[in-house]
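*Asks:* Chains as they are written, first to last, in this note's numbering: chain Z, 107 to 376; chain V, 5 to 341.
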Amino acid sequence: MTTGNNALPELQTKTESSFKRWLTGIFISLYKVYQFISRFFREVFFPPYEFKEVLKQCYEVGVRSLLLISLTGFIVGVIFTKQSRPSLSEFGATSWLPSLVSIAILRALAPLVTALIAAGKVGSSIGAELGSMRVTEQIDAMEVSGTKPFKFLVCTRVIATSLTVPVLAMYTGFVALIGGYLNVSQNEGTSYTTYMEQVFEPLVFVDFWSSLAKSILFGFTIGIVGCYQGYNSSKGTEGVGKAANAAVVTAMFLVFIEEVIIVQIFGWFR
Amino acid sequence: MENDERKLAIKVGVFIFLGLAIFILGIFTLGGQQKSFVKNIHLGAVFNDVSGLKKGNNVWFSGVKVGTISSLHFTGVSQVDVKMDIDENVQAYIHRNAGVRISSDGLIGNKIIVIDGGSPQAPIVQNGDMLQAEKVLSTDDIMKTIQQNSQNLLVITNDFKTISGNMVHGKGMVGALISDPTIALQFRNAVKDLQATTANTARMANELGRFTDKLNSKGGLADNLLTDTSVFHQLKLSVAQLKQTTANTKALTDNLNRASSKLNSSDNVLGVLLNDQQQATQIKSTLNYLNQSTIKLNDDLEAAQHNFLLKGFFKKRAKQQEEQKAAVASDKNNPGN
């Protein structure tokens, strides 16, 4: 039995050791992520290329998410326009609504909303799918049978998300602008030509390139996080749920972090 | 299986194609709006203050967007060299003496550069030309003017307040006019007098009209003066004679002036007589002497008459005088003879 004098150093020692374990665990996880990403880049550029699987994943990730993404984008456009109007009308500047909507949607909202929707829908799907394959040892079986599971399962999905999320972001932006136009047209009676003129008035090419770059990075992040969580899942069916959940949460968190960083980087080019 | 894969590929292809089409359409629309895909010429201008102008802001010419700001950098002491990309199609309409100024595309809108002015006599701008920057009132300047106007307005309203207060309290001419019934009555009377005067004036004008009618009537003096050339000739002759008479009178007056001036001077006899006191005294004493001498001479002559030498002569003359008187008297009594 420990005495009162010995209790404090013992607690301190336990805290230190648990902090070290936590810190070590983080660095190990980061290293695993680094290894995972490095492996992706090592394998993606070399044959055999799994075109059919990439196409299939593009269909799953892109085409099947199109309706959901378009609907969300339309609602975002309408709501954002509607909610911005009172603030602008205080200055008598409702004619600036198209400019405000275009800056907000094309610079930030379109890639961000698309990424969040994709992280929820696609990231969880990938995490759960790969996690179940891991716990049911299908991945091990593929390795034994000579198929490269990483190339077939991970590379194809990450390529698919990196390709389709930018395309989805473009749809989102377009549909959101249409939603904004319907609201502006209904309230201010602005014509489509005038609206589009005003939409592009404040934009510069950097806005397009930054949105494209962000969407590609978001897509890559969603794919790689989903695949990582699913590919490294364990503990049976419980691990599948955890992998799916972790894929969504981590992907969303990383998307916001990346958003902040990219905004700063492209701010230098403006 | 093969068919399903083909359908899948088509769907994915269409999906990606439409997404890329939206992206490319956006790029081209933006490029078209910003004149990024048209040939540009580069113009410049140096401003003392660009008021927050940024790269990418628009350039307007006659109210039309014709280009964008390509760069801004400091030059000289603290001036800013602004470079503009201008649509080559507009080059033919911008002349070298055109001015540029910084404006805004709305009350609180983005800053823009406006190209204006320029006469057709000046040559057309060329790539790399520098345009003359015009100084415009900044918002601070406008605010200063507004502030000054407000202060002036305050002073004016205070003065007005004082004046209206005085008027209400019956001070001053206007106040008295408003509040004093006597002045109002006098004013009313003055207006009545003015009305009467106006009526008189109207009547006088009528009289004057009639008078002028008479003057203009045929055979009148004025009409003859204006129309009869012989009358005019006679009048002219009379005037000439009058003129001659005036000249003669003037000469006469001059002579008189000269004579009177000589009378005033003491270099002649009359002048001395009139002006010299001493000479006058001497003359007076001389005359006295003469008078006395005359009396004495009379006495002497009286004495001489009684002298025996001259007594016969005087008697003879007296006798002749009496005879003449008698003859005259008889003539008066007998005028028929």
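Even glycine gets a Cβ: it sits at the ideal position worked out from N, Cα and C.
Only a predicted model underlies this, so the values are computations on that prediction, with no experimental measurement involved.
#1: Taking its Cβ as the centre, do 16 or more other Cβ atoms sit within 10 Å of P127 of chain V, making it buried, or is it exposed?
#2: Express the C-alpha separation of I209 of chain Z and G373 of chain Z in angstroms, rounding to a whole number.
#3: Compare the C-alpha of F142 of chain Z against each of Z:S251, Z:A113 and Z:N338 and name the closest.
#4: To the nearest angstrom, report how far apart Q309 of chain V and K323 of chain V are at their CA atoms.
#5: E303 of chain Z: which of V:Q199, V:T205 and V:G36 sits nearest, CA to CA?
#6: Compute the minimum distance between the beta carbon of V207 of chain Z and the heavy atoms of the ligand PLP, and state whether it is under 8 Å.
#7: Contact check, D120 of chain V vs A96 of chain V under 8 Å by CB: the rounded distance?
#8: By the 10 Å Cβ neighbour count, where 16 or more other Cβ atoms means buried, how is D280 of chain V classified, buried or exposed?
#9: Does the beta carbon of P154 of chain Z sit closer than 9 Å to a beta carbon anywhere in chain V?
#10: Pull out every residue of the region 159-181 of chain Z whose Cβ sits closer than 7 Å to any Cβ of chain V, in chain order.
#11: Tell me the residue span of the alpha helix (DSSP H) that contains H237 of chain V.
#12: Buried or exposed for A331 of chain V, please, with buried defined as at least 16 other CB atoms from any protein chain shown within 10 angstroms of its CB.
#13: A350 of chain Z to L236 of chain Z, Cα distance in whole Å?
#14: Please name the residues in the region 272-297 of chain Z whose beta-carbon is closer than 9 Å to at least one beta-carbon of chain V, in chain order.
#15: Taking all protein chains shown into account, decide if M177 of chain V is buried (16 or more other Cβ within 10 angstroms of its Cβ) or exposed.
#16: Which residues in chain Z have a C-beta closer than 8 Å to the C-beta of A49 of chain V? List them in chain order.
#17: Quick check on DSSP: helix, strand or coil for A49 of chain V?
#18: List the residues that DSSP assigns as beta-bridge partners of K69 of chain V.
#19: Based on DSSP bridge pairs, tell me the residues matched to A137 of chain V.
#20: Would the beta-carbon of G168 of chain Z fall within 9 Å of that of I232 of chain Z?
#21: In chain V, what lies closer than 7 Å to V310 of chain Z by C-beta?
#22: Could you spell out the range, first to last residue, of the beta strand (DSSP E) harbouring V84 of chain V?
#23: Could you spell out the range, first to last residue, of the alpha helix (DSSP H) harbouring D120 of chain V?
#24: Is the Cβ of L323 of chain Z closer than 9 Å to any Cβ of chain V?
#25: Look at the Cβ atom of G347 of chain Z, then the Cβ atom of G229 of chain Z, and state whether they are nearer than 9 Å.
#26: Can you tell me whether DSSP reads T108 of chain Z as helix, strand or coil?
#27: Does the distance from the CB of G48 of chain V to the CB of V16 of chain V come in under 9 Å?
#28: Considering only DSSP beta bridges, list what I128 of chain V is partnered with.
#29: Check S347 of chain V in the structure and name its three-state DSSP category.
#30: Comparing the C-beta of E344 of chain Z with each C-beta of chain V, is any distance below 9 Å?
#31: So, using beta-carbon positions, are V310 of chain Z and Y301 of chain Z closer together than 9 Å?
#32: When DSSP builds the beta bridges, which residues end up paired with N210 of chain V?
#33: What's the gap between the Cα of I116 of chain V and the Cα of E92 of chain V?
#34: Is the beta carbon of T79 of chain V sitting closer than 9 Å to the one on V50 of chain V?
#35: Is any beta-carbon of chain V found at less than 9 Å from that of E303 of chain Z?
*Replies:* Let me spell this out:
#1: Exposed.
#2: Rounded to the nearest whole angstrom, the CA to CA distance from G373 of chain Z to I209 of chain Z is 14 Å.
#3: Z:N338
#4: 15 Å
#5: V:G36
#6: Within the structure as shown, the ligand PLP is missing, as the structure has no ligands at all.
#7: 16 Å between Cβ atoms; not a contact.
#8: Under this definition D280 of chain V is an exposed residue.
#9: no
#10: L161, K162, C164, Y165, G168, V169 and L172
#11: T233 to N268
#12: exposed
#13: Going by the C-alpha atoms only, they are around 9 Å apart.
#14: P272, V273, L274, A275, M276, Y277, G279 and F280
#15: exposed
#16: The contacting residues do not exist; A49 of chain V stays about 22 Å from chain Z at best.
#17: strand
#18: According to DSSP, K69 of chain V bridges with V:W64.
#19: V:V104
#20: no
#21: G60
#22: Q83 to D91
#23: Taken as a continuous stretch (DSSP letters only), D120 of chain V belongs to no alpha helix (DSSP H), being part of the beta strand (DSSP E) at K115 to D120.
#24: no
#25: no
#26: Because T108 of chain Z carries a pLDDT of 48, less than 50, the predicted location of this residue cannot be relied on, and the following value inherits that uncertainty. T108 of chain Z falls in the coil class under three-state DSSP.
#27: no
#28: V:H99
#29: The structure shown has nothing for residue 347 of chain V, since chain V only spans 5 to 341.
#30: no
#31: no
#32: Its beta-bridge partners do not exist; DSSP assigns none.
#33: 19 Å
#34: Yes; because the gap between Cβ atoms is below 9 Å, this pair is in contact.
#35: Chain V, which has a Cβ nearer than 9 Å to the Cβ of E303 of chain Z, makes this yes.
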